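Asker:
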Amino acid sequence: MVTVTQAGTTSCSTTVVRGLDRQLIAQMNRLVSGALVDFSSPKIRLGQAVWPFLQPAAKRALDRAVANRGQTLIVNSAYRTIAQQLLLFQQAQANRCGITIAAEPGKSNHQSGLALDIEDHAGWRPFLEAQGWKWLGASDPVHFDFKGAGVRDIRSTAILAFQQLWNQNNPNDRIAEDGQWGPNTAARLGKSPASGFANGPTLDTPIASGGSVELGDRLLQLTRPLLEGDDVRQVQQALVRNGFQSTVDGFFGPKTEEAVKAFQQQKQLQPVDGIVGPATLAALGLSSS
Numbered sequence: 001m002v003t004v005t006q007a008g009t010t011s012c013s014t015t016v017v018r019g020l021d022r023q024l025i026a027q028m029n030r031l032v033s034g035a036l037v038d039f040s041s042p043k044i045r046l047g048q049a050v051w052p053f054l055q056p057a058a059k060r061a062l063d064r065a066v067a068n069r070g071q072t073l074i075v076n077s078a079y080r081t082i083a084q085q086l087l088l089f090q091q092a093q094a095n096r097c098g099i100t101i102a103a104e105p106g107k108s109n110h111q112s113g114l115a116l117d118i119e120d121h122a123g124w125r126p127f128l129e130a131q132g133w134k135w136l137g138a139s140d141p142v143h144f145d146f147k148g149a150g151v152r153d154i155r156s157t158a159i160l161a162f163q164q165l166w167n168q169n170n171p172n173d174r175i176a177e178d179g180q181w182g183p184n185t186a187a188r189l190g191k192s193p194a195s196g197f198a199n200g201p202t203l204d205t206p207i208a209s210g211g212s213v214e215l216g217d218r219l220l221q222l223t224r225p226l227l228e229g230d231d232v233r234q235v236q237q238a239l240v241r242n243g244f245q246s247t248v249d250g251f252f253g254p255k256t257e258e259a260v261k262a263f264q265q266q267k268q269l270q271p272v273d274g275i276v277g278p279a280t281l282a283a284l285g286l287s288s289s
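The numbers in the sequence shown follow full-length UniProt numbering, run straight up by one, and end at 289.
Okay, structure coming up:
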């Protein structure tokens with residue numbers, strides 16, 4: 001059995017806890033019916049590690065914004081389970097995977113079911129704000145939080161869902177079911193199977209969306225957490241073909257950013273900012289989808 005903590009030391013992707021994630025989300029919806037609903041649609045494309053879940057009121061507001069703009073929305077982060085958040089928190093503690101700061105599980109706004117990180121934030125901002133979404137600001141320009149009516153704080157519910165799953169599967173090592181994050185809950189989550197428990201509910205319906213992001217759908221740049229996907233891998237492979245040192249792992253980390261800047265400088269592209277947009281893609285010999 002690979003535990004959550006072990007999985008986090010071998011990969012920078014939060015997809016390594018996908019099995020446990022499915023149980024955590026399903027258990028939350030057992031505790032509070034409809035706490036999280038699937039917002040995926042043909043007009044929304046998802047980053048590789050994204051769970052397309054929001055609280056119902058936030059989902060309805062997002063649907064209206066997408067319908068009003070009439071364009072495809074690229075989502076790089078939405079609901080984040082406490083297992084995913086623990087990975088990011090541990091990576092920040094160990095200074096791994098380019099993560100330097102991350103909230104403890106239960107404290108991130110991405111566990112509220114009310115948060116999104118998106119592509120083309122400037123273009124989407126007026127449409128989202130008109131539906132009750134608030135732009136966080138220049139400090140985190142891709143981030144929006146839903147501030148409309150009809151929502152609740154479900155972060156303690158996420159912790160309680162895990163505590164119940166743990167106790168159901170470990171009757172001889174029970175922990176308090178109080179919805180509070182503390183050392184006992186943290187230790188048990190770290191020891192939990194990344195693929196999920198033997199007993200417990202799970203999401204049994206496939207996630208139907210507009211598909212995963214493709215090359216050219218989004219700007220590729222250094223973010224926290226790291227952007228990941230086949231589009232990143234294609235850029236890394238092109239950098240290597242052009243003689244630049246870059247890891248080829250599908251994660252846009254600091255080394256990839258350095259390689260992009262060096263490539264931009266050699267090709268006299270402006271600005272030299274380490275961001276892969278249409279001009280850099282074209283110079284790399286890559287065409288957008």
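Beta carbons are placed, not taken as given, at the ideal position from N, Cα and C, and that holds for glycine. Just so we're clear, the structure is a prediction, and the values are computed from it rather than from any experiment.
Given 8 Å as the limit, is there contact between the segment 173-189 and the segment 158-165, that is, 3 or more CB pairs closer than that?
Answerer: These segments touch.
Asker: Determine whether the beta carbon atoms of F197 and Q85 lie at a separation below 8 Å.
Answerer: For F197 and Q85, no; Cβs fall outside 8 Å.
Asker: Taking buried to mean at least 16 other C-beta atoms within 10 Å of its own C-beta, is A115 buried or exposed?
Answerer: Classification for A115: buried.
Asker: Our contact map puts H121 next to R80 with C-beta atoms below 8 Å; I'd like the distance itself, whole angstroms only.
Answerer: In fact, because the Cβ distance is near 18 Å, the residues do not count as touching under 8 Å.
Asker: What span of residues does the beta strand (DSSP E) with H143 cover, start to end?
Answerer: Where H143 is concerned, the enclosing beta strand (DSSP E) stretches over 143-146.
Asker: Which residue wins for smallest C-alpha separation from Q48, given the options G123, P141, D231?
Answerer: If we check each option's Cα against that of Q48, D231 comes out closest.
Asker: Tell me the DSSP secondary structure of S156 in three-state form.
Answerer: Three-state result, S156: helix.
Asker: Could you tell me whether the segment 63-75 touches the segment 27-46, where touching means 3 or more Cβ pairs closer than 8 Å?
Answerer: Touching, per the Cβ criterion.
Asker: Report yes or no: do the segment 252-259 and the segment 216-236 share at least 3 C-beta pairs separated by less than 8 Å?
Answerer: In short, these stretches touch, since the Cβ pair count reaches three.
Asker: Pull up the distance between the alpha-carbon of V37 and that of V2, whole angstroms please.
Answerer: C-alpha separation (whole angstroms): 29 Å.
Asker: What distance in whole Å lies between the Cβ atoms of A61 and Q168, which are believed to be in contact at a cut-off of 8 Å?
Answerer: In fact, because the Cβ distance is near 35 Å, the residues do not count as touching under 8 Å.
Asker: Nearest to T9 by CA position, among A149, A92, L20, F252, is which residue?
Answerer: It is A92 whose Cα lies nearest to the Cα of T9.
Asker: Determine, using beta carbons only, whether G106 and Q55 come nearer to each other than 8 Å.
Answerer: Cβ distance not < 8 Å, so G106 and Q55 don't count as in contact.
Asker: Which of the three DSSP states, helix, strand or coil, is assigned to N95?
Answerer: Note: N95 maps to coil in three-state DSSP.
Asker: Nearest to D21 by CA position, among L31, W51, R174, is which residue?
Answerer: Nearest C-alpha to D21: W51.
Asker: Return the chain-ordered ranges of every alpha helix (DSSP H) run that is complete within the UniProt region "Disordered" (182-205) and spans a minimum of 4 residues.
Answerer: Here the runs fully enclosed are 183-191.
Asker: Cα-Cα, which of E129, E119, C97 is closest to R64?
Answerer: It is E129.
Asker: Drop a sphere of 10 angstroms on the beta-carbon of T100, count the other beta-carbons inside from all chains shown, and report buried for 16 or more, exposed for fewer.
Answerer: Burial call: exposed.
Asker: Since L142 and D117 should fall inside the 8 Å C-beta cutoff, what is the C-beta to C-beta distance between them, to a whole number of angstroms?
Answerer: A quick correction: the sequence has Val, not Leu, at residue 142. Right, the Cβ-Cβ distance comes to about 5 Å (below 8 Å), so this counts as a contact.
Asker: Out of S156, V276, P271, point me to the one whose CA is closest to F252's CA.
Answerer: Considering only alpha carbons, the answer is V276.
Asker: Note down, in chain order, each residue of its chain lying with its Cβ closer than 7 Å to the Cβ of A283, except the 5 sequence neighbours on either side.
Answerer: Closer than 7 Å at Cβ, skipping near neighbours: K267, L269.
Asker: Per DSSP, residue 290 is paired with what?
Answerer: In the structure displayed, the chain extends from 1 to 289; residue 290 sits before or after that span and is not available.
Asker: Relative to the C-alpha of S40, which candidate in C12, A58, L31, Q90 has its C-alpha closest?
Answerer: Of C12, A58, L31, Q90, the residue nearest in Cα terms is A58.
Asker: What number of angstroms, rounded off, separates the C-alpha of R18 from the C-alpha of N242?
Answerer: Taking the straight line joining both Cα atoms gives about 35 Å.
Asker: Leaving out the 5 sequence neighbours to the left and right, which residues in its chain are closer than 8 Å to F53 when beta-carbon positions are compared?
Answerer: Closer than 8 Å at the Cβ level, and outside the excluded window around F53, lie I25, L36, V37, D38, F39, A78, Y79, G113.
Asker: Quick one: residues in its chain with C-beta nearer than 7 Å to the C-beta of Q236, no 5 flanking neighbours on either side, listed in chain order?
Answerer: For Q236, where only same-chain residues beyond five positions count, the Cβ hits under 7 Å are S246, T247, V248, T256.
Asker: For A115, decide whether its Cβ has a neighbour in chain D, counting only Cβ atoms nearer than 8 Å.
Answerer: Reference to chain D is not applicable here, since this structure consists of a single protein chain.
Asker: Going by DSSP, what residues sit across from I118 in a beta bridge?
Answerer: V75.
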